[in-house]
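From first to last, the protein sequence lines stand for chains A and B.
For the first sequence, the numbering used here assigns the number 1 to the initial residue and increments by one for each residue that follows.
For the second sequence, the numbering used here assigns the number 1001 to the initial residue and increments by one for each residue that follows.
No residue lacks a Cβ here, since even glycine has one placed at the ideal position from N, Cα and C.
Given the structure is predicted, the values throughout are model-derived calculations rather than measurements.
Just below is one structure, and these are the notes that go with it.
Protein chains: 2
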Amino acid sequence: MTIYLDNAATSHPKPEMVYQAVNEVLRNVGANPGRSGHRLSLKAEHYLTQTRQSLARLLDIPDPQRIVFTANATESINLGLKGLLKAGDGVITSSMEHNSVMRPLRFLESKGILVKVVPCDLKGRIKVSEIKKAIDPKTRLIVLTQASNVTGGLMPVAEAAELARQKGILMMADAAQTAGLIPLSLKEMPIDLLAAPGHKGLMGPQGTGFLVIGPEVNLRPLKEGGTGSRSEEEIQPDFLPDQMESGTLNTPGLAGLGAGVEFILRQGLSSIREKEVSLSRMVWEGLRKIKAVELYGPEEAGERIAVVSFTIKGLNPNLVASILDTAYDIAVRAGLHCAALAHRTLGTFPEGTVRVSPGFFNREGEMEDLIRAVSEIAGKV
Amino acid sequence: MTIYLDNAATSHPKPEMVYQAVNEVLRNVGANPGRSGHRLSLKAEHYLTQTRQSLARLLDIPDPQRIVFTANATESINLGLKGLLKAGDGVITSSMEHNSVMRPLRFLESKGILVKVVPCDLKGRIKVSEIKKAIDPKTRLIVLTQASNVTGGLMPVAEAAELARQKGILMMADAAQTAGLIPLSLKEMPIDLLAAPGHKGLMGPQGTGFLVIGPEVNLRPLKEGGTGSRSEEEIQPDFLPDQMESGTLNTPGLAGLGAGVEFILRQGLSSIREKEVSLSRMVWEGLRKIKAVELYGPEEAGERIAVVSFTIKGLNPNLVASILDTAYDIAVRAGLHCAALAHRTLGTFPEGTVRVSPGFFNREGEMEDLIRAVSEIAGKV
């Protein structure tokens, strides 16, 4: 049985109720949500409503109608950035961002948007005072990941959001690595745009994600099309969520996401967090004792999500991951993790690191197996 | 047991192998396709490759790498139109298009793209000679649905594609209602952009779709982000399919789509078509005998996909659909079907029609039940 330690890419396995929700909708509902008006269609719509409500409860979102469903966090980020920024606008980000933020920003830069990247330290940490210094009269938005997908290090999103509010600019948080894993309250944190995937910490299936659009924000949609609403008009409806949800949604996937969120609500986010902190601390403590191993990012497990990035001196990270996979049946991810700039920051470019990301369903014994395996590999160098 | 006659919205039920593929990937694969390099990840990637290959076989697509996966046909159409057209370009379409075409076009019009809508006749038919007349030196693209989602009427996509080729302009086909149902060969038809959903005729789950990008076409992506390829670069990779597939794909859904396409390949598209033509002819013949019923679109079932649109004189179509749903447990769709312009063409705006769309898994007895139900409803007016 594979030891799956790649939960930062996609959480696996999912709670049983996620599989069941997907299967139930696929087999026994089937219809298009809402639009068709018959009972199967209303049932499909009901699943979407439930998922919006569960997300609103988990993330303390004032208005579930301002949650718009997407295919993944990347789409959510593209929608937020491209829907908001115009030529001449300034945007500030960190040097620890994923390509899902950096690539749309580099594209927008080519269209006249002014992009400032605030450098982080060697452990990938950013100072809010540095973000503050970067703000100028053109700045319209701060976009920041809530946790690095390379080191797992938590970023000061709440403080940056407060700063943005004070300065009268907008705040976008990339919760790709944190939604479902780290407490988040949109009622308490002045985050204007929150982008998240469904298939990571929220335990839903791949092909799901969402963007929460704050009450102060008007975005242009990324896609126009059929929404089942105002069908008499050839222009896109201007109300949420319909404005952003053209085309048939991934109903079975979103029903699965609802079940994943429901599982988290029942389990309690803090018990999930506790378990993950404990596993992640075990990995860090175990690996640090191995002589040839170098670890990256903040040392304290409380300052990280359950991600540990390491290298073995003299061995290419891809080779290490490949040995773990084929000789030990342990699945981890190596390389740049779609975040080249983060690796430049950490000094691990271009080879990257080996990333271990346990999840709620992993066991302590599996961490011991991993540590033993890395120790054996390192011993052979 | 509900009689589901809303297959033009989403086909339901799906072949058993579709449910099984989704379940298998969700439960036993789980990982992100490709990117992570470990065996579960390669297995996930393998499912995507299989789906691309099956689609290539079914639609006779020369290069499977030029199939890019999307969330639905609406996204495919947005990607095709917005990725191609620039201010000053002209585009020609018909008056029978879905809002998935009309709304992006109306948006593009506001950005300086020149949109010409060629009117169709009262049965929703278009003359290629009219399209030809509309071509001017600015025209860059013809976009045409292969079959109306309102009347089911087939449109002359092959002829329009030939015309486009002769005139040195590009052709985009919206195969939302035809992929998996009507023979299509991209080797034989000079279609440059083919947009399709996975969840209708192709029998896959909702949340899947694709765009086939011809060898002559370079598109700008709709979204940038992590692709798992060229991670060292902050700009989007420029090769297909990666350029257009940022963010984690809907792997379980796409595996399900692969199974749906496989089912069609095994069953034979022509046997599916035959069954649907026969059901659709039964519905038309049965309904035409009811005095108060008016039918829309081409009479001959061979000139339609399995869609029959009707009204009952003196009754609002929504009311008819609602009675069918609640009193007879028959699921159909009423209203404008996200295609206002089509209803203006047919003279059924703003109330729309009742749309009956049987699928491969419907039985003749169910058509009889529908006809009896409509007859009873009409008898009470």
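Checklist entry - chain A beta carbons: is any one of them nearer than 8 Å to that of Ala1331/B? => result Under the Cβ criterion of 8 Å, Ala1331/B is counted among the residues facing chain A.
Next on the checklist: Does chain A have any CB closer than 8 Å to the CB of His1046/B?
Outcome noted: no
Checklist entry - Shorter than 8 Å from the beta carbon of Thr248/A to some beta carbon of chain B? => result yes
Checklist entry - Where does Ala1321/B fall in DSSP's three states? => result helix
Checklist entry - Taking the C-alpha atoms as reference points, what is the distance between Ser1129/B and Ala1073/B? => result 28 Å
Checklist entry - Skipping 5 residues on each side, what residues in its chain have a beta carbon closer than 7 Å to that of Lys132/A? => result Cβ neighbours of Lys132/A beyond the five flanking positions: Leu163.
Checklist entry - Straight-line CA distance for Ala1301/B to Arg1273/B? => result 11 Å
Next on the checklist: Please classify Asn1250/B as buried or exposed, where buried requires at least 16 other C-beta atoms within 10 Å of its C-beta.
Outcome noted: Answer is buried; the Cβ neighbour count reaches 16.
Item to check | Within chain B, partners of Met172/A - CB distance below 8 Å | outcome: Correct list: empty, because the minimum Cβ distance to chain B is about 14 Å.
Item to check | Whole-angstrom distance between Ile77/A and Gly153/A, CA atom to CA atom | outcome: 20 Å
Checklist entry - For a contact meaning CB atoms closer than 9 Å, what does Arg22/A contact in chain B? => result Per the sequence shown, the amino acid found at residue 22/A is Val instead of Arg. Result: Val1022, Asn1023, Leu1026, Pro1205 and Pro1252.
Next on the checklist: Measuring alpha carbon to alpha carbon, tell me which residue in Thr1151/B, Ser1185/B and Gly1090/B is nearest Ala1136/B.
Outcome noted: Contrary to the premise, residue 1136/B reads as Asp rather than Ala in this sequence. Of the candidates Thr1151/B, Ser1185/B and Gly1090/B, the one whose C-alpha sits nearest the C-alpha of Asp1136/B is Gly1090/B.
Item to check | Residues of its chain near Leu186/A, where Cβ-Cβ distance is below 8 Å and the 5 sequence neighbours each way are ignored | outcome: Closer than 8 Å at the Cβ level, and outside the excluded window around Leu186/A, lie Leu59, Asp60, Ile61, Pro62, Leu194, Val212 and Gly214.
Checklist entry - Using a Cβ-Cβ distance under 8 Å, would Gly365/A count as near chain B? => result No, Gly365/A does not count as interfacial toward chain B.
Checklist entry - What number of angstroms, rounded off, separates the C-alpha of Leu1170/B from the C-alpha of Asp1192/B? => result If I take the Cα positions, the gap works out to 6 Å.
Checklist entry - Tyr1296/B to Gln146/A, Cα distance in whole Å? => result 55 Å
Checklist entry - By how many angstroms is the C-alpha of Ala1255/B removed from the C-alpha of Asn1023/B? => result 9 Å
Item to check | Identity of the residues DSSP links to Gly1209/B by a beta bridge | outcome: Thr1070/B and Pro1197/B
Next on the checklist: Within the continuous alpha helix (DSSP H) that includes Ser100/A, where are the two ends?
Outcome noted: Segment Asn99 to Glu109, the alpha helix (DSSP H) holding Ser100/A.
Item to check | DSSP state of Val307/A mapped onto helix, strand, coil | outcome: Val307/A sits in coil when the DSSP states are folded into three classes, being neither helix nor strand.
Checklist entry - In chain B, which residues lie with their C-beta within 9 Å of the C-beta of Arg39/A? => result Here the neighbours are Thr1002, Asp1325, Thr1326, Asp1329 and Ala1331.
Item to check | Exposure label - Ala1179/B; buried when at least 16 CB within 10 Å | outcome: buried
Next on the checklist: Between Leu1141/B and Leu1084/B, how many whole angstroms is the CB-CB distance? I'm expecting something under 8 Å.
Outcome noted: 6 Å
Checklist entry - Unbroken beta strand (DSSP E) runs of length 3 or more, entirely within the region 1219-1300 of chain B: which are they? => result 1293-1296
Item to check | Nearest neighbour of Pro1413/B, chosen from Ala306/A, Glu216/A and Ser246/A [CA to CA] | outcome: What is shown of chain B runs 1001 to 1381, which leaves residue 1413/B out entirely.
Item to check | DSSP beta-bridge partners of Gly1153/B | outcome: Arg1304/B
Next on the checklist: If I follow the unbroken beta strand (DSSP E) through Ser375/A, where does it start and stop?
Outcome noted: No beta strand (DSSP E) holds Ser375/A; the alpha helix (DSSP H) holding it covers Glu364 to Gly379.
Item to check | Spatial distance of Gly1204/B from Pro1013/B (CA atoms) | outcome: In a straight line, the C-alpha of Gly1204/B is about 10 Å away from that of Pro1013/B.
Item to check | Identity of the residue in Ile1126/B, Leu1114/B, Asp1121/B and Ala1161/B nearest Lys1138/B by Cα | outcome: Leu1114/B
Next on the checklist: I need the straight-line Cα distance from Met1299/B to Lys1380/B, nearest angstrom please.
Outcome noted: Here residue 1299/B is Glu; the residue named in the question, Met, does not match the sequence. So the alpha carbons of these two residues sit roughly 26 Å apart.
Item to check | For Ala31/A, the nearest candidate out of Gly1359/B, Ala1373/B, Ala1378/B and Ile1377/B (CA to CA) | outcome: When only C-alpha atoms are compared, the closest one is Gly1359/B.
Checklist entry - Exposed or buried, Met244/A, counting other C-beta atoms within 10 Å across all chains shown (16 or more means buried)? => result buried
Item to check | Cβ separation of Ile305/A and Gln206/A, assumed to be a contact under 8 Å, to the nearest whole Å | outcome: Their Cβ separation, rounded to whole angstroms, is 19 Å, which puts Ile305/A and Gln206/A out of contact at 8 Å.
Item to check | CB contact check: Gln1243/B to chain A, cutoff 8 Å | outcome: no
Next on the checklist: At a CB distance below 7 Å, what residues from the region 1093-1113 of chain B approach chain A? Give them in sequence order.
Outcome noted: Within the region 1093-1113 of chain B, the residues whose Cβ lies closer than 7 Å to any Cβ of chain A are, in chain order, His1098, Asn1099, Ser1100, Met1102, Arg1103, Pro1104, Arg1106 and Phe1107.
Checklist entry - Would you call the region 1040-1048 of chain B and the region 1362-1381 of chain B in contact, with 3 or more CB pairs under 8 Å? => result In this structure the region 1040-1048 of chain B does not lie against the region 1362-1381 of chain B, because fewer than three pairs of beta carbons, one per stretch, are closer than 8 Å.
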